[in-house]
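*Asks:*
Numbering (this note's numbering), first residue to last: 1 to 155.
1. Can you list, in chain order, the residues of its chain with a C-beta nearer than 6 Å to that of residue 149? Leave out the 5 residues immediately preceding and following it.
2. Can you find the residues in the same chain that come closer than 6 Å, C-beta to C-beta, to residue 153, ignoring five residues on each side of it along the sequence?
3. Output the residue ranges of the beta strand (DSSP E) runs that lie fully inside the segment 22 to 105 and measure 3 residues or longer, sorted by chain position.
4. DSSP on residue 144, reduced to helix/strand/coil?
5. If you count every other CB in all the chains shown that lies within 10 Å of the CB of residue 42, and 16 or more means buried, which is it?
6. Between residue 113 and residue 61, what straight-line distance do the alpha-carbon atoms span, to the nearest angstrom?
7. Taking all protein chains shown into account, decide if residue 92 is buried (16 or more other Cβ within 10 angstroms of its Cβ) or exposed.
8. Spatial neighbours of residue 36 within its chain, please: C-beta separation below 7 Å, excluding the five flanking residues on both sides.
9. In whole angstroms, what separates the C-alpha of residue 138 from that of residue 146?
10. Give the straight-line distance between the Cα atoms of residue 142 and residue 26, rounded to the nearest whole angstrom.
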């Protein structure tokens with residue numbers, strides 16, 4: 001009976017332990033970006049900056065895995081962006097359309113967007129309080145900064 005009690009207690013302890021999420025892969029050329037457990041977890045078609053500042057695209061490679069591919073510059077207009085840690089700052093001339101709506105999906109924690117106007121005035125900051133948030137681009141956008149481990153998409 002003691003062995004059953006110990007086994008039951010061990011099972012309960014293991015079952016009650018929190019699941020640990022493995023860290024997602026940092027975007028690098030040739031590394032998986034979607035479709036595998038060791039990928040970055042990005043949406044196919046999203047762009048990002050590597051830690052070295054290189055522009056990358058999550059491109060469909062072979063089902064079901066997609067890989068990060070080097071781009072010579074940002075593909076305009078930006079429609080899908082993946083942020084994973086370091087802040088990603090883009091310029092209005094990267095194809096952002098005034099008044100356009102965007103949605104952010106948090107992979108962990110929070111997503112924050114900072115829109116800096118080209119005219120005098122403070123930045124417009126919005127932070128998610130849940131897994132999703134949406135926002136509208138300001139009319140006089142100079143730069144936009146994406147923060148957090150998030151998928152960003154225009155609609």
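C-beta atoms are modelled at their ideal positions from N, C-alpha and C, and glycine is treated no differently.
*Replies:* Well, looking at it:
1. 84, 107, 108
2. 80, 103
3. 32 to 34, 47 to 49, 55 to 62, 65 to 70, 80 to 91
4. strand
5. buried
6. 30 Å
7. buried
8. 65
9. 15 Å
10. 28 Å
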